[in-house]
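Offset between the sequence shown (1-based) and the numbering used here: plus 744. Read through the structure below, which is laid out as structure tokens, and then see the notes.
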Amino acid sequence: MSDQSNDPIVEQFRNQITDTDLAILEAINKRITTVRKLHAYKAEQGYDAVDPAREDWLTQYLQRCNKGPLSNDEVAILWRSIIDSTLREVARLRDA
């Protein structure tokens with residue numbers, strides 16, 4: 745196997761991936777902040793914190809909007825993971 749560490753093309757792709765990953769991380773943190781505000785509002789209004797129908801709708805909506813190459817099955821798996829992580833983080837922040 746050849747040494748990739750000095751290949752400028754490999755480095756360029758890795759930099760693009762890192763930039764994309766940072767944008768994803770920023771978007772997830774923004775999502776958590778917004779969900780946290782929503783949960784606080786729902787608590788004030790006496791609404792249920794979690795809306796499974798909304799979560800299902802969102803997953804289906806994202807699958808319809810998906811242009812690939814990510815498969816719709818993977819969209820569902822990825823989004824379930826993001827939703828679950830968001831809910832855990834909101835609970836952690838609430839209980840802190």
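Every residue gets a Cβ at the ideal spot worked out from N, C-alpha and C, and that includes glycine.
Opening and closing residue of the alpha helix (DSSP H) in which residue i lies
i	result
VAL754	752–789
ASP828	816–839
ALA797	796–809
Minimum C-alpha distance to residue i - residue among the options
i	options	result
ARG832	SER815, VAL794, VAL754 and PRO752	VAL794
LYS774	VAL834, THR803, ALA840 and ASP839	VAL834
ILE827	GLN756, ASN759 and TRP801	TRP801
Inter-residue Cα distance where the pair is residue i and residue j
i	j	result
LEU769	GLN789	30 Å
ARG780	ALA767	20 Å
GLY812	ALA784	35 Å
SER746	PRO752	14 Å
ARG808	LEU837	32 Å
Nonlocal neighbours in the same chain, by C-beta distance under 8 Å from residue i, ignoring five residues either side
i	result
THR830	ILE772, ARG775, ILE776 and VAL779
key: Any 3 or more C-beta pairs closer than 8 Å across the region 818–829 and the region 753–766   = no
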